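Read through the structure below, which is laid out as structure tokens, and then see the notes.
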């Protein structure tokens, strides 16, 4: 499988056939916003949070921030990325905070490769469980189906969590 | 009911018979740690998080940090406090991140007064739902019973969330 990224910083090439960039740069704050915005499914609030997580990593470093990244760079910017890290107050439980792939990239392939690499990276950091939270809204059905195909199990479904008619689906997968 | 705190900064005295201090100071970082530690139920990780929330408020201010506080000061330090704020990515949903009362204070009274004042303050900020998360462990039974007495409903129960045998109980109350 071809490498899709410059190799300035690489992730455990022995455990995955993919190599992703792990170190964010200042330019990624805007680049992540452009990518997340391109998907058309995230609110202004959520886009702000995506930016913040990159900024927190840049300000505090990966360990203190708790925000780990995998990036796939393409000719026109970031084609996909994930952000994940340990859930504060838990023992070796991690959360996949973000996974986003540009609409022009094959979500089913790039999304899956990013997901698998994130799980491998989390496991290498000691994680025993990966949590993924998403919405119960109809337009998030592809996201829920994606997690279910990747072996995630629905752990909780809380109606009206985000807003009226917009519940919270909490998925988990043992690593 | 007597006021328990200096009135340098006060919370909506028209909506509650209690008046609590809302503005943290640098000294509260250590004072909150001492209080939280005195309860005997929180881990080192959790105590670190309690400190961080005060630090975030001091560094960014209440709005940007999203961490609101109510403090009850006594002759030997903080007797009780809450920390609450809007849940990122939700519309007017708030979470009660912390409520702690010194073992020598009457938990049933001071805890309840802090809880009610936090709900009133959140409602004044537009909140329609207050979330409280705690553990399913046996030693957290008093915390769960406390929320249930205050009208909180169990929205989700996720086994092994924090650790093996230490699940997550998510409570919610419409405001």
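Protein chains in written order, with the numbering used here: chain A, 4 to 178; chain B, 4 to 178. Ideal Cβ positions, reconstructed from N, Cα and C, are used throughout, including at glycine. Since the structure is predicted, the reported quantities are computational estimates derived from the model, not experimental observations.
Which residues mark the beginning and the end of the beta strand (DSSP E) in which residue i is found?
| i | result |
| --- | --- |
| residue 114/A | It is not in any beta strand (DSSP E) - residue 114/A carries neither H nor E in the DSSP assignment. |
| residue 171/B | 169-177 |
| residue 103/B | 96-104 |
So residue i and residue j are in contact, right, with Cβ under 8 Å, and what is the actual spacing, rounded?
| i | j | result |
| --- | --- | --- |
| residue 172/A | residue 136/A | 7 Å |
| residue 103/B | residue 83/B | 7 Å |
| residue 174/B | residue 143/B | Not a contact, Cβ separation roughly 12 Å. |
| residue 164/A | residue 85/B | Going by Cβ atoms, the distance from residue 164/A to residue 85/B rounds to 21 Å, so no, they are not a contact pair. |
| residue 75/A | residue 117/A | 7 Å |
| residue 87/A | residue 71/A | 5 Å |
| residue 48/B | residue 91/A | 7 Å |
| residue 73/B | residue 124/B | 7 Å |
| residue 89/B | residue 69/B | 6 Å |
Using a Cβ-Cβ distance under 8 Å, would residue i count as near chain D?
| i | result |
| --- | --- |
| residue 152/A | Judged by its chain identifiers, the structure shown contains no chain D, and its protein chains are A and B. |
In the stretch 120-167 of chain A, which residue ranges form an unbroken beta strand (DSSP E) of at least 3 residues, counting only runs that do not cross its ends? Counting only runs of 3 or more, we get 132-138, 156-166.
At a Cβ cut of 9 Å, what residues of the stretch 154-175 of chain B count as close to chain A, listed as they run along the chain? Taking 9 Å as the Cβ-Cβ cut-off against chain A, the residues of the stretch 154-175 of chain B that qualify are 158, 159, 160, 161, 162, 163, 164, 165, 166, 167, 169, 171, 173, 175.
Ordered list of beta strand (DSSP E) runs contained in the stretch 8-92 of chain A, each at least 3 residues: 71-77, 80-89, all fully within the stretch 8-92 of chain A.
Taking Cβ-Cβ distances below 7 Å as the criterion, which residues of the stretch 25-56 of chain A are in contact with chain B? Residues of the stretch 25-56 of chain A with a C-beta atom less than 7 Å from some C-beta of chain B are 48, 49, 52, listed in chain order.
Where the stretch 77-93 of chain A meets chain B: residues whose CB sits under 9 Å from a CB there: With the criterion set as a beta carbon lying under 9 Å from some beta carbon of chain B, the members of the stretch 77-93 of chain A are 90, 91, 92, 93, in sequence order.
Interface residues of the stretch 109-129 of chain A facing chain B [CB-CB below 9 Å]: Those residues of the stretch 109-129 of chain A placed with their C-beta closer than 9 Å to a C-beta in chain B do not exist.
Does the contact criterion of 3 or more C-beta pairs under 8 Å hold for the stretch 59-73 of chain B versus the stretch 21-39 of chain B? Contact between the stretch 59-73 of chain B and the stretch 21-39 of chain B is established, with three or more Cβ pairs separated by less than 8 Å.
Measuring CB atoms only, is the stretch 126-134 of chain B touching the stretch 44-56 of chain A, in the sense that at least three cross pairs come out at less than 8 Å? For the pair of segments examined, the stretch 126-134 of chain B was found not to touch the stretch 44-56 of chain A: the number of CB pairs separated by less than 8 Å stays below three.
Output, in sequence order along the chain, the residues in the stretch 138-150 of chain A whose CB is closer than 8 Å to any CB in chain B. Of all residues in the stretch 138-150 of chain A, none has a Cβ within less than 8 Å of some Cβ in chain B.
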